[in-house]
Structures are given as C-alpha cells and as structure tokens.
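These notes concern the structure reproduced below.
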Amino acid sequence: MSLGITEILLILVVILLLFGGKRIPEIARALGRASYEYKKAKNILKEEAQGLKDAIENDSDKPEEYQPKDV
C-alpha cells in the first residue's frame with residue numbers, strides 16, 4: 059500500500075494550509091533532526107546488542123574447568 063503522486067500532493071497542500079509557508083522549513087528541520095537522532099540511537103543499541111551477543115558466544119565456547127575432588 060504505497061502513496062501515489064496525487065496523495066502526496068494532497069498531503070503537501072494540507073500541510074501548507076495548516077502551517078503556512080514560513081513554518082515548513084522549521085518543521086522539515088525538526089523532522090530531519092529527529093530522524094538523525096533516531097538512526098543514531100538505533101545504531102548505538104545495535105552495536106551494544108552485538109557486543110553482548112559476542113560476549114555470550116565467547117563465554118559459552120570455553121569449557122568449564124573443574125578441580126578434582128579429594129576423596
């Protein structure tokens with residue numbers, strides 16, 4: 059379900075009517091910043107999750123060493 063050119067134009071006209079021509083650059087800048095921050099946070103979380111996954115895999119590969127018991 060994708061938007062066609064007419065739907066996109068209609069949305070842009072409604073935005074123009076609601077916010078006016080002077081506020082649109084401010085809104086676009088704010089949306090751009092929000093998108094950048096979202097991607098940045100997503101990448102940080104992805105790297106942390108990968109680090110945890112690697113740590114778990116490395117720990118589970120090593121067999122545990124047990125000391126013999128004295129009987």
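Going left to right, the sequence shown walks through residues 59 to 129 as this note's numbering numbers them.
From the three backbone atoms N, C-alpha and C, an ideal C-beta is built for every residue, glycine too.
Since the structure is predicted, the reported quantities are computational estimates derived from the model, not experimental observations.
Per DSSP, reduced to three states, the secondary structure at S60 is coil, with no helix or strand assignment. Every alpha helix (DSSP H) of 4 residues or more that sits fully in the region 77 to 122 is shown, in chain order, as 82 to 119. The Cβ atoms of I66 and F77 do not sit closer than 9 Å to each other. When only Cα atoms are considered, I114 and L103 end up about 16 Å apart.
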